[in-house]
Amino acid sequence: MLLNRERAMELMERDGLDALVAVTPNNVLYLSDFDTDFLYDVPWVACAILPRDPDIPPCLVVTEIEAAVLVQRPTWMPDKRLYYFGVYGGVLKVHTFAEDTELKGEDLAIRRMIAELEDEPYAGINGAVCAMLGETGLDKGRLGFDDTRFAGLLGDTVEHAEIVDAGNLLIEIRMVKSPDEIAILREAAVKNEAALRAALAAISDGATWNDVYTAYEVRVVEQGARPFATFNGAGPMSAGAGRPERDYMIRPGDQVCFDSMMKWRRYMGDAQRTAVLGDASPKLERYWKAYMAGIDEAYSNLRPGIQTGELRNRVIQAVRAAGLPSFELAFTHGIGLDHIEVPFIAGGNLGDFRIEENMVLNIDMELHEIGWGGMFFEESVRITSNGSERLYNLERDLIRV
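Taking my numbering, the leading residue of the sequence shown gets 54, the next gets one more, and so forth.
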């Protein structure tokens with residue numbers, strides 16, 4: 054189970070919520086374990102409802118289109134409800150069943166699932182959600198929605214409910230990982246590291262940044278994962294986040310900077326490294342020595358209890374004291390189903406938070422010196438009871454090619 058249910062119940066009790074109602078893709082997946090590409094296609098196509106009362110079964114509502122997926126990838130939620138897509142004043146029925154064949158196994162399970170829907174043929178997701186809330190009495194409760202606009206779709210059903218914006222609460226719940234999530238994030242790190250190593254192997258005199266970029270993304274796909282974003286570049290072009298121009302040569306002495314992100318089972322792999330082709334310049338050597346002071350400072354302070362704002366300040370001070378006074382860009386963020394899992398991340402702002410055991414966090418350090426180039430370091434760590442555990446085995450030092 055992806056859901057850290059114990060933490061969810063604790064935080065729901067703290068905030069006085071009777072249920073969480075999720076319709077955004079990552080939150081539906083997180084609460085229910087139901088994973089399908091269609092979930093990420095159509096807004097509000099599924100709804101996961103997590104009651105705080107243990108006597109009310111958690112509920113997943115999905116479209117009839119997804120019946121076959123639900124059979125092969127069942128949710129742990131005991132209350133499963135289907136609905137028909139509404140279309141042109143009627144309903145869109147996807148499934149028909151052969152009358153001259155005895156249905157068995159998965160096909161029979163699909164037929165039975167559809168038969169239950171035909172007894173109560175909801176048109177649109179709101180009918181099924183309203184029925185669940187009304188049957189359980191949650192229609193009069195304090196309900197936390199990850200998208201409060203969805204509450205408007207439920208009309209009079211939630212007239213006597215208290216509607217609360219729980220988008221940030223769900224991020225707060227998700228920041229402390231369950232064992233299943235940690236296992237997936239480990240796998241994502243292994244695959245991302247393999248792709249980074251393939252990219253490093255593509256660096257040579259005469260290669261282009263696009264050659265290196267492509268080597269990374271090809272290796273991601275070969276492992277069954279999905280590229281998410283591949284930044285940054287080589288030489289002077291390695292400064293400035295995500296420059297789109299990639300067709301230029303890598304020269305001896307150039308630093309080659311990676312901010313490499315991919316998805317495995319919807320979870321993020323995210324790491325940064327800096328390599329150099331041939332001999333590093335005295336300036337790069339001097340800068341990197343200062344950078345290592347910050348990396349060491351970060352790892353010596355990563356443990357439960359410290360605030361991420363305080364960690365940032367310590368890292369920046371260490372780098373500046375070691376000889377790089379212009380250094381500024383350092384921060385720590387959670388990682389999981391989203392690239393950046395941080396409370397109150399909206400409008401270009403990152404919230405400060407206290408580090409807790411079993412968070413999986415990324416230390417992010419970047420230098421963008423326009424006219425010279427960049428330096429990048431980032432990787433994922435699991436917070437232990439008294440420190441941290443690296444999920445990557447890539448060397449932390451400047452990588453010399």
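Yeah, the Cβ is synthetic: ideal placement off N, Cα and C, and Gly gets one too.
Check	Outcome
Which first and last residues belong to the beta strand (DSSP E) in which Asn285 is found?	279-287
For Gly347, name the three-state secondary structure that DSSP assigns.	helix
My guess is that Ala371 and Glu350 are in contact by the Cβ rule of under 8 Å, so how many angstroms apart are they, rounded?	4 Å
Considering only residues of the same chain and omitting the five flanking positions on each side of Cys183, which have a CB-CB separation below 7 Å?	Leu207, Thr210
Give the straight-line distance between the Cα atoms of Asp108 and Ile423, rounded to the nearest whole angstrom.	60 Å
Answer yes or no: do Phe429 and Asp332 have a C-beta to C-beta separation smaller than 8 Å?	no
Where do the ends of the alpha helix (DSSP H) carrying Asp94 lie?	Note, Asp94: premise wrong, no alpha helix (DSSP H); not H, not E.
Can you give me the start and stop residues for the beta strand (DSSP E) that Gly322 sits inside?	320-329
Taking the alpha helix (DSSP H) that Ile167 falls in, what are its first and last residues?	158-172
What do you reckon, are the CB atoms on His386 and Leu403 nearer than 8 Å?	yes
Over the uninterrupted alpha helix (DSSP H) stretch that includes Gly404, give me the two end residues.	Careful: Gly404 lies outside any alpha helix (DSSP H) and carries neither H nor E.
I'd like the list of long-range same chain contacts for His392, defined as Cβ closer than 6 Å, with 5 residues on each side in sequence excluded.	Met321
Identify every run of the beta strand (DSSP E) within the stretch 358-397, keeping only runs that are complete inside it and at least 3 residues long; order them along the chain.	382-387
What does Trp341 pair with, by DSSP beta-bridge criteria?	BP columns for Trp341 are empty, so no partner.
Expressed to the nearest angstrom, what Euclidean distance is found between the alpha-carbon atoms of Met345 and Asp233?	33 Å
Report the CB separation of Asp90 from Gly194 in whole angstroms; it is logged as a contact under 8 Å.	That belief does not hold up - the Cβ atoms of Asp90 and Gly194 are roughly 32 Å apart, past 8 Å.
Taking the straight line between their C-alpha atoms, what separation do you get for Pro335 and Cys310?	18 Å
Assuming Ile423 is part of the beta strand (DSSP E), what are its boundary residues?	No beta strand (DSSP E) contains Ile423, which DSSP labels as neither H nor E.
Quick check: the Cα distance between Glu173 and Glu215, rounded to an integer number of angstroms?	27 Å
What number of angstroms, rounded off, separates the C-alpha of Arg250 from the C-alpha of Ile452?	11 Å
What does the Cβ neighbour count give for Leu156, buried or exposed, with the cut at 16 atoms within 10 Å?	exposed
Out of Met65, Phe281, Asn221, Trp97, which one is the CA nearest neighbour of Ala399?	Asn221
Tell me which residues share the same chain as Val274 and place their Cβ nearer than 8 Å to its Cβ, disregarding the 5 neighbours each side in the sequence.	Pro280
Return the CA-CA distance between Glu432 and Leu390, expressed in angstroms with no decimal places.	16 Å
In or out: Asp323 buried (at least 16 other Cβ within 10 Å) or exposed?	buried
Whose C-alpha, out of Gly190, Pro378, Met412, is nearest the C-alpha of His213?	Gly190
Just to check my reading of the structure: Ser439 and Arg373 have Cβ atoms closer than 8 Å, yes? What is that Cβ distance to the nearest angstrom?	The sequence as given places Asn at residue 439; Ser does not occur at that position. Not quite, the Cβ-Cβ distance comes to about 28 Å (not below 8 Å), so this is no contact.
Where do the N-terminal and C-terminal ends of the beta strand (DSSP E) with Thr116 fall, by residue?	112-116
With Val144 as the anchor, note down where its beta strand (DSSP E) starts and where it stops.	143-145
Could you give the distance in angstroms between the alpha-carbon of Phe397 and the alpha-carbon of Arg164?	44 Å
Between which two residues does the beta strand (DSSP E) harbouring Ser313 extend?	308-317
What does the Cβ neighbour count give for Gly69, buried or exposed, with the cut at 16 atoms within 10 Å?	exposed
Just the C-alpha distance for Tyr93 and Trp341, rounded to the nearest angstrom, thanks.	41 Å
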